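Trainee: Just so we're on the same page, the numbering used here is the position in the sequence shown counted from 1, plus 1. Here it is: the structure, laid out below.
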Amino acid sequence: MYKTRKIRVEEKAFILFLLAECGADEQIYPVAGEVYEYEGGIMGSINLAGSDPDQYAGDLIQVEYTDSDQVEVIITLTRDKNNHLLDLDFWKADFSKLIRYPVPGQVTILRKFQ
């Protein structure tokens, strides 16, 4: 079983921003209060409690961010087949540790899938 922790304020705020950008909100996709960190939290990716990683059903939105070390980061919010938020997935181009967590004004929207 995965060890979860409480969602951080900045994570929830960022998810709510992403939902708004793709025309959804917390009524449609409630944000879980508990998360599981992928890769031990190195790149910032989280799985939202109550979702099933094996039930991936698609991406909601994908944004780009440049970390403070000037390395590109692609961030994707996904959902599962039960229409719950699944992951907030970070992919840093050089696979290094995320240095600074993004805020809404620092990202560029690449794709909206909903």
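Every residue, glycine too, gets a C-beta built ideally from N, C-alpha and C. Here the structure is a predicted model, which is why all the values come from computation and not from measurement.
Once DSSP output is grouped into helix, strand and coil, what is the label at Y66?
Mentor: Three-state result, Y66: strand.
Trainee: Count the other CB atoms within 10 Å of the CB of G41; is the residue buried (16 or more) or exposed (fewer)?
Mentor: Under this definition G41 is an exposed residue.
Trainee: Rounded C-beta distance between E12 and L86? I'm assuming under 8 Å.
Mentor: The pair is not a contact, with the Cβ atoms about 11 Å apart (cut-off 8 Å).
Trainee: With a threshold of 16 other CB atoms inside 10 Å of the CB of T79, please say whether the residue is buried or exposed.
Mentor: Looking at its Cβ environment, which holds 16 or more other Cβ atoms inside 10 Å, T79 is buried.
Trainee: When you compare each of K7, R6, Q107 to V64 by their alpha carbons, which one comes out closest?
Mentor: Checking every option, the nearest Cα to that of V64 belongs to Q107.
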